[in-house]
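Here is the structure we will look at.
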């Protein structure tokens, strides 16, 4: 079976297996694929690293929902109330810490979440590249036309980058000139056809 | 497997498939793009006061023809082993055939149709040129002067 034929459900099960979440019949089924299908093995190996990130994202979904429902007005009011309820001793370390926690935690939580999402995106792109390599069929390789190899020209080099070999059948009327150009410091190549008396 | 985790995995899988499709598309397009030849058709005449059309840019040598006027600019696709032609103002046809690529150099064969209007092409020269390095093919009679073609192969 080729990698291209890995179905979505099979890929999902391989991802779950890579995360160690399958048991019983499902686990045996996936292990059967891994014993017989090199494409499945490769895919499982590739997603193994990403699986950890998927799990992290899932586990932090509670954090995400709390961040989404965070009300800054409530937080400020709670901070004010906590401050007034706290002992009025100047320099109370406990009160300062409590205030810091309530006000700074939103930014910190969002930064942490952004880092995790960024990591997942980077890992997904890397895995996408490997999925492309895996799923690219062998027939695609020759599609890009390979340049035809040709022997190096033995003709003299006029301007760096241009060589000319006259075709014998063109006759004596065709010549090659290597001339300096007025507007350029390099030599220009001219294939000149002498048509004196022609059209 | 929980529904939430399953949904997240489907999303990840979708991103992977879309990413793979994107990665597959971009290099394929650039790999298939054939080079092209930018051709300036210049009318060169003998004259008393030297004159060069400012649109020409770097002045090509014209072997005693001091007045150069740009007639037209054309772009020819250079698919491998497929002749690409363009009609010239004198009724003849210029042909370039991209025969090979050696390293970064393009090998092309320049040909011209006969002056008498008969069919076929006369091969003039095999040219090996680096990308963007101009070469000139000229001398084709036209209105008291000659046509000079300045060719530049662009990847």
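Chains as they are written, first to last, in our numbering: chain A, 866 to 1064; chain B, 21 to 175. Backbone N, C-alpha and C fix where the C-beta goes; we use that ideal spot for every residue, glycine too.
- Beta-bridge partners assigned by DSSP to residue 106/B: 114/B.
- Taking the CA atoms as reference points, residue 34/B sits about 9 Å from residue 873/A.
- Contact of residue 33/B with chain A by beta-carbon distance below 8 Å involves 873, 876, 877, 880.
- By the C-beta density criterion, residue 156/B is buried, having at least 16 other C-beta atoms within 10 angstroms.
- If you check the CB distance, residue 1026/A and residue 56/B do not come in under 8 Å.
- Taking CB atoms only, residue 141/B has no neighbour in chain A less than 8 Å away.
- Under the Cβ distance rule, residue 1057/A counts among the residues neighbouring chain B, one pair being separated by less than 8 Å.
- In this structure, DSSP gives residue 158/B an extended state, which the three-state scheme calls strand.
- Think of a sphere of 8 Å around the beta carbon of residue 132/B: the chain A residues whose beta carbon falls inside it are 1058, in chain order.
- Listed along the chain, the chain B residues whose CB falls inside 7 Å of the CB of residue 1026/A are 149, 150, 153.
- Sequence-distant partners of residue 54/B (beyond 5 residues in either direction) whose C-beta falls short of 6 Å from its own C-beta, in its chain, are 97, 98, 99.
- In the structure shown, the three-state DSSP call for residue 871/A is coil.
- Residues of the segment 67-79 of chain B that bring their beta carbon within less than 7 Å of a beta carbon in chain A comprise 78, 79, in sequence order.
- Contact between residue 169/B and residue 61/B holds: their C-beta atoms lie close to 6 Å from each other, under 8 Å.
- The beta-carbon distance between residue 125/B and residue 149/B, rounded to whole angstroms, is 6 Å. This is short enough to meet the 8 Å contact definition.
- Inter-segment contact for the segment 125-142 of chain B and the segment 104-117 of chain B is present: three or more beta-carbon pairs are separated by less than 8 Å.
- The Cβ atoms of residue 64/B and residue 165/B sit closer than 8 Å to each other.
- The beta carbon of residue 78/B sits closer than 6 Å to no other beta carbon from its chain once the five residues preceding and following it are set aside.
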